[in-house]
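Chemist:
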Amino acid sequence: MTPDSVAQAVAAAVTAAAQANGYELDEVPVIRVERPRQREHGDYATNVAMTLTKKVGVPPRDLAAAIAEQLRTTDGIASVDVAGPGFINITVEAASQAELARTIVEAGDAYGRGTSLSGVKINVEFISANPTGPLHLGHTRWAAVGDAIARVFDAAGAEAAREFYINDRGVQMDRFGESIANAAAGRPAPEDGYHGGYVTDLAAQIMREHPEYADLSGPERIAAFREAGYAIQLQQQKDVLDLFRTHFDVWASERALHESGAVERGLERLREQGHVYESDGAVWLRTTTFGDDKDRVLIKADGEGTYFLSDTAYYIDKRSRGFDVCLYLLGADHHGYVGRLKAVAACAGDDPERNIEVPIGQMVKMMKGGEEVRLSKRAGNIITLEDLVDEVGVDAARYSLIRYPVDSPLVLDLDLLVKRSNDNPVYYVQYAHARIASVLRNAAESGIDWAAGPFEPELLTHEMESRLLGVLAEYPRVLAAAAELREPHRVARYLEELATAYHKFYDSCRVLPRGDEAVEPITIARLWLCAATRQVLANGLGILGVTAPDRM
RNA sequence: GCCCCGUUAGCUCAGUCGGAUAGAGCGACCGCCUCCUAAGCGGUAGGCCGUGGGUUCGAUUCCCGCACGGGGCACCA
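Okay, so the first sequence: first residue is 450 according to my numbering, each after it adds one.
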């Protein structure tokens, strides 16, 4: 039995108990079964009796007893007990629990996938760095988490698109161009310009490819270096993200928004909705109507559109492309944008509670040798995404960035991330996968064809087998919760729990025959359990974008 | 001043609609490989869940205040 089928059985028992005892119960509440912390409390527990006691007017323990009596007759349930203030503790029959191994192996990659977000089109925008430099530590968290969120959405049945917004317009681009142009001429960057060793590298590369730029001057020269630098830098960002296994579906350019008329269309939409006004020679959006601290300028007195104008157009453009939900993953340094973004959705006539979500991620720091890392060998004064990958590898970097809830600040300990022991969770989980792969490999080499069966689930009665099965059964619920709450770290934590359950099982339950021992039915049954566990570990690691190695 | 986030074991952190004796890893101490991967497993020690109130059968969890720490409040991008 799975958590869902147990919950259904409880619901049926509640209805039956109400009928048998004449309880007045217009509707059965949604039943949630949980896995008790204490092993003695059974495989599953529910507190329905306590939640219904008021409505029904019967003491919780009596109500629990009545429900338990009905529940006992359910197929697949071994025993039911009432405990504490009115908890119902349920123990499932070994065979019905172990059938799950077959279910998982047969479902393969699909095990755990759900339909809770079926038919929903979600746009996940993240990183959206300026194309004026390499991606740095501040971008890394979202590079991993944003991608994982999109994968979690896919697993929940949604249609998720990963989108990167390129701020390729405005004065910072000119400052970027001027900085490179100056570097090419051996001059320092202008005030408010871009420094860093990468600027000098860009200048050198551009001079190699376009020696003729040396003869240009004035705005023409700045524009030439700006455009060349933009192209190189954007490509470099794409290459690094590719290496990091974060692949975007859409690279949206701010310039393109202006060139395609999306900005005019967005402005028109906002005017239609009646939230645009003029004051002091500028054009404003009345975002305060929807809870923003102050109204925002769309077009400055000098006639230039603001960055905010592009933002509004971009949001409206996304919606016009059919996305039901637009997710903006922003760093804590941008949290001030939440109010105005929500207001933009409202000003556009949308529901800010449903159509737009703006999770805020806290900052990331790196420690090495007990001290905060501040300098990058490559880029002068910043730590790049590439540095991190060079240092610890893609798997460790992705895993550790996803492993924590994004609303708490993150400190990455580089010394820990390269360690190969169980204080490094990524290896701990991967090791479990490799260990199983090894067992399955050894079985195959010994000519044991477990898949040909027969699989006798009722043999999996060992304490550790039962616990492992219980953890395997949780996976679909974990994935669904991760999608609903936009919290992929739950998947990582779950995998650690699963790895622990497997390692304990492995330690106390011999799988393959030793020496000249015969292949027993329990051997086959345990191999099914191993195969199921390997599958779930692989599926979960896939959600995180981390590899599941067969050997380590 | 206003807004967002955090505060749980010595350290790094889990703990979604309020539930039974608050968890994991590390660090410390003690154990387990002639046997499927010891990158593993078992045990001991370690807690006023920041603080003061409130809500109720029950609060680490929900509400309000306070303290401490981080971040933010542009006709910049």
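No residue lacks a Cβ here, since even glycine has one placed at the ideal position from N, Cα and C.
Report the CB separation of isoleucine 885 from arginine 983 in whole angstroms; it is logged as a contact under 8 angstroms.
Modeler: Isoleucine 885 to arginine 983, Cβ: 4 angstroms. Contact.
Chemist: Can you give me the Cβ contacts of alanine 677 inside the same chain, cut-off strictly under 6 angstroms, excluding the 5 residues immediately before and after it?
Modeler: Around alanine 677: Ile655.
Chemist: What does the alpha-carbon distance come out to for the pair histidine 783 and leucine 928?
Modeler: Roughly 28 angstroms separates the two Cα atoms.
Chemist: Could you pull the start and end residues of the beta strand (DSSP E) that isoleucine 897 belongs to?
Modeler: Unbroken run through isoleucine 897: none, as it is neither H nor E.
Chemist: Determine the closest residue to alanine 462 out of Arg521, Arg735, Glu703, with distance taken between C-alpha atoms.
Modeler: When each option's Cα is compared against that of alanine 462, the closest is Arg521.
Chemist: Around the C-beta of methionine 622, are 16 or more other C-beta atoms found within 10 angstroms, so that it is buried, or is it exposed?
Modeler: Looking at its Cβ environment, which holds 16 or more other Cβ atoms inside 10 Å, methionine 622 is buried.
Chemist: Pull up the DSSP beta-bridge partners for serine 528, would you.
Modeler: According to DSSP, which records beta bridges pairwise, serine 528 is partnered with Thr540.
Chemist: Give the range of the beta strand (DSSP E) segment to which serine 849 is assigned.
Modeler: Careful: serine 849 lies outside any beta strand (DSSP E), inside the alpha helix (DSSP H) at 843-851.
Chemist: Looking at the unbroken alpha helix (DSSP H) that takes in cysteine 979, where does it start and where does it end?
Modeler: Per DSSP, cysteine 979 belongs to the alpha helix (DSSP H) from 970-993.
Chemist: Thinking just about the alpha-carbon of each residue, which of Thr738, Tyr880, Thr564, Ala544 is nearest to the one in leucine 947?
Modeler: Among Thr738, Tyr880, Thr564, Ala544, the Cα nearest to that of leucine 947 belongs to Tyr880.
Chemist: Alpha carbon to alpha carbon, what distance is there between serine 702 and alanine 672?
Modeler: Approximately 17 angstroms between the Cα atoms of the pair.
Chemist: Please report how far the alpha carbon of alanine 559 lies from the alpha carbon of serine 565, in whole angstroms.
Modeler: Answer to the nearest angstrom: the Cα atoms are 14 angstroms apart.
Chemist: Specify, as a first and last residue, the run of the alpha helix (DSSP H) that aspartate 698 falls within.
Modeler: Premise fails: aspartate 698 is in no alpha helix (DSSP H) and is neither H nor E.
Chemist: Give every residue of the same chain whose Cβ lies closer than 7 angstroms to the Cβ of alanine 883, excluding the five residues on either side of it in the sequence, and list them in chain order.
Modeler: The residues are Pro998, Asp999, Arg1000, Met1001.
Chemist: Within 10 angstroms of the Cβ of arginine 636, are there 16 or more other Cβ atoms? Answer buried if so, exposed if not.
Modeler: By the neighbour-count rule (16 or more Cβ atoms within 10 Å), arginine 636 is not buried but exposed.
Chemist: Report the residue ranges of all alpha helix (DSSP H) runs contained in full by the segment 655-697; include only those spanning at least 4 residues, in chain order.
Modeler: Runs of the alpha helix (DSSP H) inside the segment 655-697: 667-692.
Chemist: Could you please give me the residues that DSSP links to glutamate 806 through a beta bridge?
Modeler: In the DSSP output, where bridge partners are listed per residue, glutamate 806 has Leu776.
Chemist: Helix, strand or coil for phenylalanine 602 per DSSP?
Modeler: Phenylalanine 602: helix per DSSP, three-state reduction.
Chemist: Nearest by alpha-carbon distance to glycine 900: which of Ala514, Asp453, Thr552, Thr502 is it?
Modeler: Per the sequence shown, the amino acid found at residue 900 is alanine instead of glycine. Closest option to alanine 900, Cα to Cα, is Thr552.
Chemist: Within 10 angstroms of the Cβ of asparagine 873, are there 16 or more other Cβ atoms? Answer buried if so, exposed if not.
Modeler: That one is buried.
Chemist: Name the DSSP bridge partner or partners of histidine 585?
Modeler: Beta-bridge pairing links histidine 585 to Thr833.
Chemist: List the residues that DSSP assigns as beta-bridge partners of glutamate 483.
Modeler: The partner list for glutamate 483 (beta bridge, DSSP) reads Ala494.
Chemist: Please tell me whether isoleucine 809 and lysine 791 are closer than 8 angstroms, where the distance is taken between their beta carbons.
Modeler: It is not a contact, given that the beta carbons lie outside the stated cut-off.
Chemist: Consult DSSP for isoleucine 748 and reduce its assignment to one of helix, strand or coil.
Modeler: Reduced to three states, the DSSP call for isoleucine 748 is strand.
Chemist: Residue ranges of each beta strand (DSSP E) run of no fewer than 3 residues wholly in the segment 707-747, ordered along the chain?
Modeler: You should have 725-728, 731-734.
Chemist: Am I right that leucine 861 and valine 813 are in contact with their C-beta atoms under 8 angstroms? What's the rounded C-beta distance?
Modeler: 6 angstroms between Cβ atoms; contact.
Chemist: On the DSSP letters alone, give me the boundaries of the beta strand (DSSP E) that glutamate 608 sits inside.
Modeler: Note, glutamate 608: beta strand (DSSP E), 608-615.
Chemist: Out of Ala892, Ala987, Ala950, which has the shortest C-alpha to C-alpha gap to valine 960?
Modeler: When only C-alpha atoms are compared, the closest one is Ala892.
Chemist: Between the segment 629-647 and the segment 533-551, are three or more C-beta pairs nearer than 8 angstroms?
Modeler: Taking 8 angstroms as the limit for Cβ pairs, the verdict is that the segment 533-551 does not touch the segment 629-647.
Chemist: Please state the DSSP three-state secondary structure of glutamate 574.
Modeler: The answer is strand: DSSP assigns glutamate 574 an E or B state.
Chemist: Tell me, please, whether the segment 828-842 touches the segment 689-706 by the rule of three or more beta-carbon pairs shorter than 8 angstroms.
Modeler: They touch, by the three-pair rule.
Chemist: Counting only runs of 4+ residues fully inside the segment 925-977, write out the alpha helix (DSSP H) ranges in chain order.
Modeler: Whole alpha helix (DSSP H) segments, 4+ residues: 938-957.
Chemist: Does the distance from the C-beta atom of leucine 938 to that of proline 854 stay below 8 angstroms?
Modeler: It is histidine, not leucine, that sits at residue 938 in the sequence shown. Yes. Within cutoff.
Chemist: Here's the rule: buried if 16 or more other CB atoms are within 10 angstroms of the residue's CB, otherwise exposed. What is histidine 696?
Modeler: The residue is exposed, with fewer than 16 neighbouring Cβ atoms inside 10 Å.
Chemist: Does the segment 576-590 come into contact with the segment 753-773, if we say contact requires no fewer than three beta-carbon pairs (one atom in each stretch) closer than 8 angstroms?
Modeler: They do not touch, by the three-pair rule.
Chemist: Can you find at least 3 beta carbon pairs, one from the segment 963-973 and one from the segment 567-577, that sit closer than 8 angstroms?
Modeler: Touching, no, given that fewer than three Cβ pairs across the two stretches are closer than 8 angstroms.
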